[in-house]
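First comes the structure, then the notes that go with it.
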Amino acid sequence: MVRYAEDFLAALRQRYEQTDQPMRSLAREFSIGISTLSSLVERHGWVKRSQRRHGRPEASLVSEAQALMESLQTRTGVVADNGLAFPLEAPPTPDPSPPRAARVEGGEQTAAERIEALLLKEIAAEEVAREALGNEPRLRTEADACARRLAVMTQTLQTLQKIREAQPMANARCQCSEYDDLPDDLDALRDELARRIEAFMETHTDEELEADLARARQAHESKSA
Numbered sequence: 006m007v008r009y010a011e012d013f014l015a016a017l018r019q020r021y022e023q024t025d026q027p028m029r030s031l032a033r034e035f036s037i038g039i040s041t042l043s044s045l046v047e048r049h050g051w052v053k054r055s056q057r058r059h060g061r062p063e064a065s066l067v068s069e070a071q072a073l074m075e076s077l078q079t080r081t082g083v084v085a086d087n088g089l090a091f092p093l094e095a096p097p098t099p100d101p102s103p104p105r106a107a108r109v110e111g112g113e114q115t116a117a118e119r120i121e122a123l124l125l126k127e128i129a130a131e132e133v134a135r136e137a138l139g140n141e142p143r144l145r146t147e148a149d150a151c152a153r154r155l156a157v158m159t160q161t162l163q164t165l166q167k168i169r170e171a172q173p174m175a176n177a178r179c180q181c182s183e184y185d186d187l188p189d190d191l192d193a194l195r196d197e198l199a200r201r202i203e204a205f206m207e208t209h210t211d212e213e214l215e216a217d218l219a220r221a222r223q224a225h226e227s228k229s230a
């Protein structure tokens with residue numbers, strides 16, 4: 006059995022556990038085979054990527070976007086065509102509490118902007134991973150995971166679009182608090198996110214991943230029907 010130096014194993018483990026570099030690309034860079042890489046993961050008890058992905062940011066993107074939409078409904082009362090609600094009566098006195106915003110990398114952002122920032126990071130990560138592979142196909146497990154992530158990002162964009170469409174109606178019926186959760190440039194950001202996802206899909210050459218993505222889309226359409 007081949008024995009590897011400690012610094013070699015440490016570097017390989019860091020890249021395996023802390024990055025999303027495709028397995029084929031990672032094995033090639035360290036001059037080992039895929040089966041050897043998988044054996045090292047098992048032998049040394051490294052955190053498997055399948056376990057790590059359960060805690061990835063995109064896993065909560067849809068729920069956070071839906072929660073933001075529900076927050077808008079909470080302040081209102083009439084349901085519009087797209088499923089969002091708007092007030093029948095005058096709005097309550099604005100809450101003087103500090104704005105409900107999240108700090109991301111030192112900047113103050115609204116909830117919607119934070120979701121968009123996460124989406125941009127996820128799209129960028131997929132682009133880097135695809136570029137690292139070159140013309141090589143993804144492993145089946147990686148293709149499935151990528152398809153699921155793209156489906157989640159697409160669903161999140163659809164939810165953000167509903168929020169964007171509802172905002173003018175909400176503003177027309179009530180004077181919103183100065184601490185509004187919805188950014189004025191959400192539409193432009195949404196278009197950019199959609200463009201990035203579409204560009205990623207158009208340049209993809211892995212037929213298996215494309216098939217998985219189609220199945221993932223059908224699954225989400227069935228749920229929303």
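Just so it is clear: in the sequence shown, position 112 is 117 by our numbering, and no numbers are missing.
Ideal Cβ placement from N, Cα and C applies to all residues, glycine included.
Option nearest residue i by Cα separation, candidates the options
| i | options | result |
| --- | --- | --- |
| Cys151 | Leu162, Thr164, Leu42 and Val133 | Val133 |
| Ala10 | Leu45, Thr164 and Ile120 | Leu45 |
| Ala137 | Asp12, Arg29 and Val7 | Arg29 |
| Gly38 | Ser55, Val7 and Gln166 | Val7 |
| Asn140 | Ala15, Pro27 and Tyr21 | Pro27 |
| Thr148 | Ala122, Glu121, Asp25 and Thr41 | Looking at the sequence provided, one finds Ala at residue 148 rather than Thr. The residue with the shortest Cα to Cα distance from Ala148 is Asp25. |
| Leu18 | Arg33, Val52, Thr159 and Arg145 | In the sequence as displayed, the identity of residue 18 is Arg instead of Leu. Nearest of Arg33, Val52, Thr159 and Arg145 to Arg18, Cα basis: Val52. |
| Glu121 | Ala32, Gln166, Arg48 and Thr41 | Gln166 |
| Gln160 | Arg145, Leu14, Ala129 and Leu124 | Leu124 |
| Leu154 | Gln163, Glu127 and Arg48 | Checking the sequence shown, residue 154 turns out to be Arg, not Leu. Taking only the C-alpha atoms, the option nearest Arg154 is Glu127. |
| Arg145 | Arg33, Thr164, Ser55 and Met158 | Ser55 |
| Ala130 | Leu42, Asp12, Gln23 and Leu14 | Gln23 |
| Ala15 | Ser40, Gly50 and Arg33 | Gly50 |
Reduced DSSP category for residue i - H, G, I as helix; E, B as strand; rest coil
| i | result |
| --- | --- |
| Phe35 | coil |
| Glu11 | helix |
| Gln26 | coil |
| Glu141 | coil |
| Val46 | helix |
| Val133 | helix |
| Lys53 | coil |
| Glu183 | Below a pLDDT of 50, predicted positions are generally treated as unreliable, and Glu183, at 44, falls in that range; the measurement from the model is reported next regardless. DSSP places Glu183 in coil when its eight states are reduced to three. |
| Arg20 | helix |
8 Å contact criterion, which residue i and residue j should meet: CB distance rounded
| i | j | result |
| --- | --- | --- |
| Arg20 | Leu31 | 6 Å |
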